[in-house]
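Reading through the structure tokens given below for one structure.
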Amino acid sequence: MEEVLIVKFGEVALRGKNRYIFENKLIAAIENNLKGCPGYFVSRELGRYVVCAHSSPFDFARVIPKVISVLGIISCCPAIRSRDMSMENIKKLSLLHMKKRYPDAPVKGYTFRVTAHRSHKDYPVSSQEIAACIGECIIEGAEGFKVNLKEPEINLRAELRNQVYIYSDETKGFGGLPVGSCGKTMALLSAGIDSPVASFLMARRGVEVEAVYFHTPPYTSERALLKVTDICEVLKTFTASFKLNVVNFTDIQMLIKEKTPPEKFTIMLKRSMMRLAEILAQKNECQALTTGDSVGQVASQTLKSIAAIDGAVSIPVLRPLAGMDKNEIIDWAKKIGTFDISIRPFQDCCTLFVPPHPETKPKVSIIESFEKSIDNLYDITKEAAENVKVYNF
Ligand code: ATP
Ligand code: MG
């Protein structure tokens, strides 16, 4: 008998012929996250992965947080397993697990049910019979357990795969698909609350995310950049690695400010950001851009503004937060661990020089003619894209 961590994955299992690509990415991501935990390795089981320890005891408190952040995983379950799949041994292990896991049962009393699963249908006992047999053994052999099939406090599971697994705890993961299995996007990542969540949500759909941050020293502080790099460190825990391009945006921002009416400033600024991000996307083989826009949140996020902004580029722009409320976005930011970083006081460039009455229904043709009238706007945009500073996390 040994302690192991069962890893359950969701949509990966549905992916037909590409399944092995998804599975390999998932295993690589788990192994990557376990680098800081020597002594553990990943092995395959039928329909599951299993994290095993070279020596016991298994440090679940240390290993689970590393594994559970891998995207594509539905849940992790600390379990005991054995090669001996006889009913006698399965009953013995189940009883051992219940007594050890719920030592307060005689005092507190728990309701439970047993769910059994067998992968090999030639196993001589049916799943229902296995469950009934284990249930009986618990009632007879341990104090404080009562059967409740509909709403039990404990669901004791016995899974007969290539070995037998007994467990009753489950830590939920984020689900989704393994990162890198669905193409690549260039995310416009600011120091705010929204864009880190947008980046995470695309990663959760299996998209590899690279980011670009527009830095405007001395108007924005180095502390704002530090917020962004700290956010990248957090995002990396989900994606195994993370690349950030930092663009010096000061000249572009000042040029736009000088040459455009204040109410058009933000739209012009965003269009330049998009254009620059598109150049970087092409250079880095990304098929889309991603932003943290949520419809209606600010003037530049009305549908007319979004249309005017997207008109600057020909690449698809993904906006995973488009239909979310701020509170929902905040909940996500807290869940993934970027919220506390985002609320530090240093702002990014979009909050600078914001006019009191920004346009909410910009006309693309007018915006375009303003852009054309600024002599070297396109040239300095290209130049800025060639001078990015790259950070690899
Ligand atoms: P966030 O919280 O993500 O900063 P926001 O609510 O502050 O978003 P805006 O400042 O209008 O909204 O920005 C909208 C989107 O534009 C951001 O979600 C982000 O994708 C992108 N963006 C804004 N500022 C920057 C920046 N300095 N660098 C990179 N992307 C940016
Ligand atoms: Mg912002």
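Using my numbering, read the sequence shown as starting at 1 and increasing by one per residue. Backbone N, C-alpha and C define an ideal beta-carbon position, used for all residues, glycine too.
Cβ of residue i versus every heavy atom of the ligand ATP: is any distance shorter than 7 Å?
{"i": "Ala198", "result": "yes"}
{"i": "Ile336", "result": "no"}
{"i": "Tyr123", "result": "no"}
{"i": "Gln253", "result": "no"}
{"i": "Asp331", "result": "no"}
{"i": "Tyr49", "result": "no"}
{"i": "Phe214", "result": "yes"}
{"i": "Gly296", "result": "no"}
{"i": "Thr302", "result": "no"}
{"i": "Gly323", "result": "no"}
{"i": "Met202", "result": "no"}
{"i": "Ile267", "result": "no"}
{"i": "Met273", "result": "yes"}
{"i": "Asp104", "result": "no"}
{"i": "Leu188", "result": "yes"}
{"i": "Cys340", "result": "Per the sequence shown, residue 340 should be read as Asp rather than Cys. No, the Cβ of Asp340 stays beyond 7 Å of every heavy atom of the ligand ATP."}
{"i": "Ile366", "result": "no"}
{"i": "Ile193", "result": "yes"}
In whole angstroms, give me the CA-to-CA distance for residue i and residue j.
{"i": "Asp251", "j": "Gln297", "result": "27 Å"}
{"i": "Ala312", "j": "Met274", "result": "7 Å"}
{"i": "Met324", "j": "Tyr102", "result": "41 Å"}
{"i": "Pro316", "j": "Ser181", "result": "18 Å"}
{"i": "Ile27", "j": "Gly72", "result": "10 Å"}
{"i": "Pro57", "j": "Val50", "result": "16 Å"}
{"i": "Ala142", "j": "Leu95", "result": "7 Å"}
{"i": "Ile139", "j": "Trp332", "result": "42 Å"}
{"i": "Ala398", "j": "Gly47", "result": "It is not possible to answer for residue 398, since the shown part of the chain is limited to 1 through 393."}
{"i": "Ile74", "j": "Arg204", "result": "12 Å"}
{"i": "Lys334", "j": "Ala211", "result": "20 Å"}
{"i": "Pro320", "j": "Gly292", "result": "7 Å"}
{"i": "Phe9", "j": "Arg44", "result": "12 Å"}
{"i": "Lys121", "j": "Met87", "result": "15 Å"}
{"i": "Tyr213", "j": "Phe238", "result": "19 Å"}
{"i": "Lys264", "j": "Lys257", "result": "9 Å"}
{"i": "Thr220", "j": "Ala61", "result": "40 Å"}
{"i": "Asp104", "j": "Gly144", "result": "8 Å"}
{"i": "Met1", "j": "Thr229", "result": "44 Å"}
Within the same chain, show all residues whose beta-carbon is closer than 8 Å to that of residue i, passing over the 5 residues directly before and after it, in chain order.
{"i": "Ile330", "result": "Ile193, Phe339"}
{"i": "Leu289", "result": "Thr185, Met186, Ala187, Leu188, Met274, Ala277, Glu278, Ala281, Val313, Ile315, Pro316, Val317, Leu318"}
{"i": "Cys137", "result": "Lys91, Ser94, Leu95"}
{"i": "Ile343", "result": "Ile193"}
{"i": "Thr302", "result": "Val295, Gly296, Thr360, Lys361"}
Using CA coordinates, which residue listed in the options is at the minimum distance from residue i?
{"i": "Thr266", "options": "His117, His357, Ile30, Arg19", "result": "His357"}
{"i": "Leu156", "options": "Lys108, Cys76, His97, Tyr123", "result": "His97"}
{"i": "Val364", "options": "Ile138, Val212, Lys304", "result": "Lys304"}
{"i": "Gln128", "options": "Asp122, Lys227, Arg118", "result": "Arg118"}
{"i": "Leu235", "options": "Arg271, Thr171, Val197", "result": "Val197"}
{"i": "Glu328", "options": "Leu201, Glu136, Glu222, Pro218", "result": "Leu201"}
{"i": "Glu153", "options": "Arg161, Tyr165, Glu159, Glu170", "result": "Glu170"}
{"i": "Gly337", "options": "Leu149, Asn284, Lys227, Thr302", "result": "Lys227"}
{"i": "Arg394", "options": "Ile80, Pro78, Arg62, Phe370", "result": "Any answer about residue 394 is impossible in this case: the structure gives the chain only from 1 up to 393."}
{"i": "Ser195", "options": "Lys326, Lys259, Tyr20, Thr381", "result": "Lys326"}
{"i": "Ser190", "options": "Gly206, Ala61, Gly135, Arg223", "result": "Arg223"}
{"i": "Trp366", "options": "Ser300, Met268, Asn387, Asp379", "result": "Looking at the sequence itself, residue 366 is Ile, so the reference to Trp does not match. Looking at the Cα atoms, Met268 is the closest of the given residues."}
Apart from the five residues just before and just after residue i, which ones in its own chain have a Cβ nearer than 6 Å to its Cβ?
{"i": "Arg83", "result": "Gln163"}
{"i": "Gly173", "result": "Ile68, Ile73, Ile74, Ser75"}
{"i": "Ala131", "result": "Val114, Ala116"}
Would a check of beta-carbon distances place residue i closer than 8 Å to chain D?
{"i": "Thr220", "result": "Among the chains of the structure shown, chain D does not appear; only one protein chain is present."}
Looking only at its chain, what residues have a beta carbon closer than 7 Å to the beta carbon of residue i, apart from the 5 residues adjacent to it on each side?
{"i": "Tyr123", "result": "Leu160"}
Let me check one thing: in DSSP terms, what residues is residue i bridge-paired to?
{"i": "Ala165", "result": "It is Tyr, not Ala, that sits at residue 165 in the sequence shown. Answer is Arg81, Glu159."}
{"i": "Met186", "result": "Glu210, Leu289"}
{"i": "Cys76", "result": "Val7, Thr171"}
{"i": "Leu318", "result": "Thr290"}
{"i": "Ala312", "result": "For Ala312, which the question treats as bridged, DSSP gives no partner whatsoever."}
{"i": "Ala116", "result": "Ala158"}
{"i": "Tyr49", "result": "Val7, Arg44"}
{"i": "Asn392", "result": "Lys243"}
Taking only heavy atoms of the ligand NAD into account, decide whether any of them is closer than 7 Å to the Cβ of residue i.
{"i": "Asp293", "result": "The model on display carries the ligand ATP and the ligand MG but not the ligand NAD."}
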